[in-house]
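S.K.:
2 protein chains.
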Amino acid sequence: MTSNETPDKTIYEGHIVKLELLEGKWEAVRHAPAVVILALRDGKMLCVRQQRRVVGADTLEVPAGLIDEGETPEAAARRELSEETNFDGDMTLLTRFYSSPGFCDEELFVFRAENLVDKPGTPDADEDITVEWHDPSHVLEALRTGREKGSASTITATLFALRELGR
Amino acid sequence: MTSNETPDKTIYEGHIVKLELLEGKWEAVRHAPAVVILALRDGKMLCVRQQRRVVGADTLEVPAGLIDEGETPEAAARRELSEETNFDGDMTLLTRFYSSPGFCDEELFVFRAENLVDKPGTPDADEDITVEWHDPSHVLEALRTGREKGSASTITATLFALRELGR
């Protein structure tokens, strides 16, 4: 560190976020990486509807969740898919990206799940999730008009689904 | 409020993020909404490369930025496009979504810019942006392999570009 640099400082350390101030001025939210899973059956994509307190709305998303310490992204994807939807499947990485790298380091790994089989799992106690299958063309339109609220995971999975379906 | 509810509490209020604790337990990052702009020319998409201190990497993204207080998303998209790339254009909303609604309320509005014309703008003093045009097929592959680091804006714009180009 050179003499004119201000050291990074931790402002708050919570359960899922840590807030730091870099070089005395850049606010940085630290957050675990997460996985997102696209599954398709008969032209429909596997979605989860849940209440998101932070945005004050029910969202239509796809299965997703945090990667545990020491867990691989693929193992996290299989675990989350089972916990949220009672399915397991073969995972292939479609893409990865930061959700909002201007202020947060959360990185998302997006998987395509294939060869789905039943695998009952237990959702986190604080999650209240409804599983739904939707036509990705309808999801695309519902996000645009604002009829459904979604996330980066929703739009990414939807566009990959349409690409695969040739629509 | 019923008697067993804990009121929401502000933990930190900074320049671009505010951190709250909802009902005594849910960590919520408050962040202004933002715009993202997809522009295409000769089959290539308009990208911006910039250093993102928070993730410790250079990212390949598309023009994007915060919506100012009282500004419409469309006006913000035209302003940001000019500031970051010296272009103006007609804007059409492609989609909108929350970047990561489990812990943050940032909402992104994604626009398609057409009929580009020159319009010099001045970038924010703290931004160091390089404008580049890329083949969206190459961007898709570079994100998947990790050769390029991107954001929710990058993958969304890339998939919309490929969709429009029929690839």
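Those protein sequences? They're chains F and X, same order as listed. Using UniProt numbering, read the first sequence as starting at 1 and increasing by one per residue. Using UniProt numbering, read the second sequence as starting at 1 and increasing by one per residue. Note that CB positions come from ideal geometry on N, CA and C, so glycine has one too.
(1) Using the rule of at least 16 other Cβ atoms within 10 Å of the residue's Cβ for burial, across every protein chain shown, is Asp-105 of chain F buried or exposed?
(2) Which residues of chain X have a Cβ atom closer than 8 Å to the Cβ of Ser-137 of chain F, listed in chain order?
(3) What does a CB cutoff of less than 8 Å around Arg-167 of chain F pick up in its chain, not counting 5 residues either side in sequence?
(4) Does DSSP classify His-138 of chain F as helix, strand or coil?
(5) For Thr-122 of chain X, which three-state DSSP category applies?
(6) Nearest CA to the CA of Leu-85 of chain X: which residue from X:Ala-57, X:Thr-158 and X:Val-131?
(7) DSSP three-state label for Arg-49 of chain F, please.
(8) Compare the C-beta of Glu-83 of chain X against all C-beta atoms of chain F and say whether one is closer than 8 Å.
(9) Give me the Cα-Cα distance between Arg-112 of chain F and Pro-120 of chain F, rounded to the nearest whole angstrom.
(10) Pro-63 of chain X: buried (16+ other C-beta within 10 angstroms of its C-beta) or exposed?
(11) At 7 Å on the CB atoms, spell out the chain F contacts of Ile-129 of chain X, in chain order.
(12) Going by DSSP in three states, residue 215 of chain X sits in which element: helix, strand or coil?
(13) Is the segment 141 to 158 of chain X touching the segment 60 to 80 of chain X in the sense that three or more CB pairs, one from each, lie closer than 8 Å?
M.R.: To lay it out plainly:
(1) Reading the first sequence from its first residue, position 105 is the one you call residue 105 of chain F. Label assigned to Asp-105 of chain F: buried.
(2) As a first step, residue 137 of chain F must be located in the first sequence, where it is residue number 137. None at all; the shortest Cβ gap to chain X is about 12 Å.
(3) Reading the first sequence from its first residue, position 167 is the one you call residue 167 of chain F. Beyond the five residues adjoining it in sequence on each side, Arg-167 of chain F comes within less than 8 Å, by CB distance, of Pro-136 and Ser-137 in the same chain, given in chain order.
(4) Taking the first sequence and counting its residues from 1, one reaches residue 138 of chain F at position 138. If DSSP states are grouped into helix, strand and coil, His-138 of chain F belongs with the helices.
(5) As a first step, residue 122 of chain X is located in the second sequence; it is residue number 122 there, counting from the start. Here Thr-122 of chain X sits in coil by DSSP.
(6) The residue you call residue 85 of chain X lines up with position 85 of the second sequence. It should be noted that the sequence gives Thr, not Leu, for residue 85 of chain X. It is X:Val-131 whose Cα lies nearest to the Cα of Thr-85 of chain X.
(7) Numbered from 1 along the first sequence, position 49 holds the residue referred to as residue 49 of chain F. Strand, per DSSP.
(8) Working through the second sequence from its first residue, we reach residue 83 of chain X at position 83. Under the 8 Å criterion on CB atoms, Glu-83 of chain X is classed as non-interfacial with respect to chain F.
(9) Translated into positions along the first sequence, residue 112 of chain F becomes position 112. Translated into positions along the first sequence, residue 120 of chain F becomes position 120. Rounded to the nearest angstrom, the two C-alpha atoms are 19 Å apart.
(10) Within the second sequence, the letter at position 63 stands for residue 63 of chain X. Counting the other Cβ atoms within 10 Å of the Cβ of Pro-63 of chain X gives 16 or more, which makes it buried.
(11) By one-based count along the second sequence, residue 129 of chain X stands at place 129. Residues of chain F passing the Cβ test: none, with the nearest at roughly 12 Å.
(12) No information on residue 215 of chain X is available, as it lies outside the stretch 1 to 167 that chain X covers here.
(13) The segment 60 to 80 of chain X is in contact with the segment 141 to 158 of chain X.
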